[in-house]
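Protein chains in written order, with UniProt numbering: chain A, 1 to 205; chain B, 1 to 205.
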């Protein structure tokens, strides 16, 4: 109660000093302008929260799609059964781990996003989210790019290095991993939006 | 001469304002504390500038190291001469383009970084840098991760997909591309630091 009063008075003094200095109507006008400013930042915070929900969907889709790839070809030789799974290739294993970490982080970040909605002027939670979101931009992009490089190789092969394309045989496998890569890139783009929005909301005025 | 005097006075007042809080010197003390805050933000801006110089070095090193890889083996068959170059593999071409773009952007961003040093309270330049730095985090990380996936494959091969390791033959080539990937990851980490520092400097108080 007392701290609330103190805040109003402080704000009143600041803005009257800044703008015109109408002494009589000052506290009400200031309260309103503060509310409007808070409303703008609150809108950003709500959009932040919604984007995080979409990012959870994309990251989880990428993780599960890649994690459940397992295609066994219907023919086999005496020594070898042809089977493709994500853990044959380290890049895909990294992809699954990176997207799983991103999903977990996103769920844990939801409470901080809610704090930003409830208190639009608090900068601590936003700064924390900005730092970790930046790390996650890097992590999800790295996973997606590494997997994309291998997916490209699986589709096209490389004559210079004598690497053959394997997607003629493993067509389902290739479709699944391509979809997972796309989902992960979507998650990375959402993380980039989150970083930029945090920067906007941290801005002074 | 005059500015020199003013500085001396400010510094003197700052220390008295910070430590003891003499009521009589209040307006001066406020000016001084604002000055000190500007100094803190200016320090971040100078560090930002220095980090950009390091990032230019790392990105240029990555670009040139990868762009000049060209190893021809001393033996050849009737039909084929064994040669490895960065443009045999699309991931390496993307790597060179991404790091070249990052180098160019970094050079163009230096004036904006200088604006932040000269005017530590201006948020426009910082916000612009934050947005583009975030994009560059993504671009350099994507290039580095895609190249790293291929480098790993070149070193180790993959038995499941029947891709052979080519680094036994192309040892110089593999050393060069590994070095380029490391340089690019260093550039990506510096970009992440730049984003976080911009977020810190954009913070209100």
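Glycine included, every Cβ here is placed at the ideal spot set by N, Cα and C.
For this session: Just the C-alpha distance for residue 171/B and residue 153/A, rounded to the nearest angstrom, thanks.
Result: Here residue 171/B is taken as the residue at index 171 of the second chain, counted from 1. Here residue 153/A is taken as the residue at index 153 of the first chain, counted from 1. Within the model, the alpha-carbon separation for residue 171/B versus residue 153/A is close to 21 Å.
Exercise. From the beta carbon of residue 163/A, is the nearest beta carbon of chain B less than 8 Å away?
Worked result: For this step, residue 163/A is matched to residue 163 along the first chain. Residue 163/A counts as touching chain B.
Exercise. When burial is assigned at 16 or more other CB atoms within 10 Å of the CB, is residue 186/A buried or exposed?
Worked result: The count along the first chain starts at 1 and reaches residue 186/A at position 186. By the neighbour-count rule (16 or more Cβ atoms within 10 Å), residue 186/A is buried.
For this session: Using a threshold of 8 Å, state whether the C-beta atoms of residue 200/B and residue 89/A are closer than that.
Result: Translated into the one-based positions of the second chain, residue 200/B becomes position 200. Translated into the one-based positions of the first chain, residue 89/A becomes position 89. Against a cut-off of 8 Å, the Cβ pair of residue 89/A and residue 200/B comes out as no contact.
Exercise. In or out: residue 168/A buried (at least 16 other Cβ within 10 Å) or exposed?
Worked result: The residue given as residue 168/A occupies position 168 in the first chain. Note on residue 168/A: under 16 other CB atoms within 10 angstroms of its CB, so exposed under the neighbour-count rule.
Exercise. For residue 71/B, does the three-state DSSP call read helix, strand or coil?
Worked result: Taking the second chain and counting its residues from 1, one reaches residue 71/B at position 71. In the structure shown, residue 71/B sits in a strand (DSSP, three-state: E or B).
Problem set entry | Segment limits, alpha helix (DSSP H) that includes residue 106/A | Within the first chain, the letter at position 106 stands for residue 106/A. Per DSSP, residue 106/A belongs to the alpha helix (DSSP H) from 90-118.
For this session: Sort 133/B, 106/B, 134/B and 182/B by Cα distance to residue 65/B and report the nearest one.
Result: The residue labelled residue 65/B in the question sits at position 65 within the second chain. Nearest of 133/B, 106/B, 134/B and 182/B to residue 65/B, Cα basis: 182/B.
Exercise. Does DSSP put residue 159/A in a helix, a strand or coil?
Worked result: Taking the first chain and counting its residues from 1, the one referred to as residue 159/A is at position 159. Looking at residue 159/A - three-state DSSP - the assignment turns out to be coil, as it is neither helix nor strand.
Exercise. Among all the DSSP beta bridges, which residues are the ones paired with residue 85/A?
Worked result: Position 85 of the first chain, counted from the first residue, corresponds to residue 85/A. Paired residues: 70/A.
For this session: Taking 8 Å as the cut-off, decide whether the C-beta atoms of residue 45/A and residue 109/A are in contact.
Result: Locating residue 45/A in the first chain gives position 45, where the first residue counts as 1. Locating residue 109/A in the first chain gives position 109, where the first residue counts as 1. If you check the CB distance, residue 45/A and residue 109/A do not come in under 8 Å.
Exercise. Using 8 Å as the limit for Cβ to Cβ distance, is residue 136/A near chain B?
Worked result: Sequence index remark: in the first chain, residue 136/A carries index 136 (1-based). Cβ-Cβ to chain B under 8 Å: no for residue 136/A.
For this session: List the whole-angstrom C-beta distance separating residue 85/B from residue 69/B, where the pair is believed to meet the contact cut-off of C-beta under 8 Å.
Result: If you number the second chain from 1, residue 85/B lands on position 85. If you number the second chain from 1, residue 69/B lands on position 69. With a beta-carbon spacing of about 6 Å, residue 85/B and residue 69/B fall inside the 8 Å limit used to define contacts.
For this session: Counting only the same chain and skipping the five closest in sequence on each side, list residues whose C-beta sits under 6 Å from that of residue 47/A.
Result: On the first chain, position 47 is the one that residue 47/A refers to. None.
Problem set entry | Spatial distance of residue 134/A from residue 136/B (CA atoms) | If you number the first chain from 1, residue 134/A lands on position 134. If you number the second chain from 1, residue 136/B lands on position 136. In this structure, the straight-line span from the alpha carbon of residue 134/A to that of residue 136/B is close to 11 Å.
Problem set entry | Reduced DSSP secondary structure (H/G/I, E/B, other) of residue 222/A | No answer is possible for residue 222/A: it lies beyond the span of chain A, which begins at 1 and ends at 205.
Problem set entry | Short Cβ contact (8 Å threshold) for residue 184/B with residue 140/B | On the second chain, position 184 is the one that residue 184/B refers to. On the second chain, position 140 is the one that residue 140/B refers to. At the C-beta level, residue 184/B and residue 140/B come within 8 Å of one another.
For this session: Look at the Cβ atom of residue 157/A, then the Cβ atom of residue 148/A, and state whether they are nearer than 8 Å.
Result: By one-based count along the first chain, residue 157/A stands at place 157. By one-based count along the first chain, residue 148/A stands at place 148. At least 8 Å separates the beta-carbon of residue 157/A from that of residue 148/A.
Exercise. Got a sec, what are the start and stop residues for the alpha helix (DSSP H) residue 176/A sits in?
Worked result: Translated into the one-based positions of the first chain, residue 176/A becomes position 176. Boundaries of the alpha helix (DSSP H) harbouring residue 176/A: 171-202, taken from the DSSP string.
Exercise. Name the residues in the stretch 100-133 of chain A whose C-beta lies less than 7 Å from a C-beta of chain B; which are they?
Worked result: Against chain B - using a Cβ distance shorter than 7 Å - the residues of the stretch 100-133 of chain A are 123, 127, 130 and 131.
For this session: Give a yes or no on whether the minimum CB-CB distance between residue 172/A and chain B is below 8 Å.
Result: Sequence index remark: in the first chain, residue 172/A carries index 172 (1-based). Not one beta carbon of chain B lies nearer than 8 Å to the beta carbon of residue 172/A.
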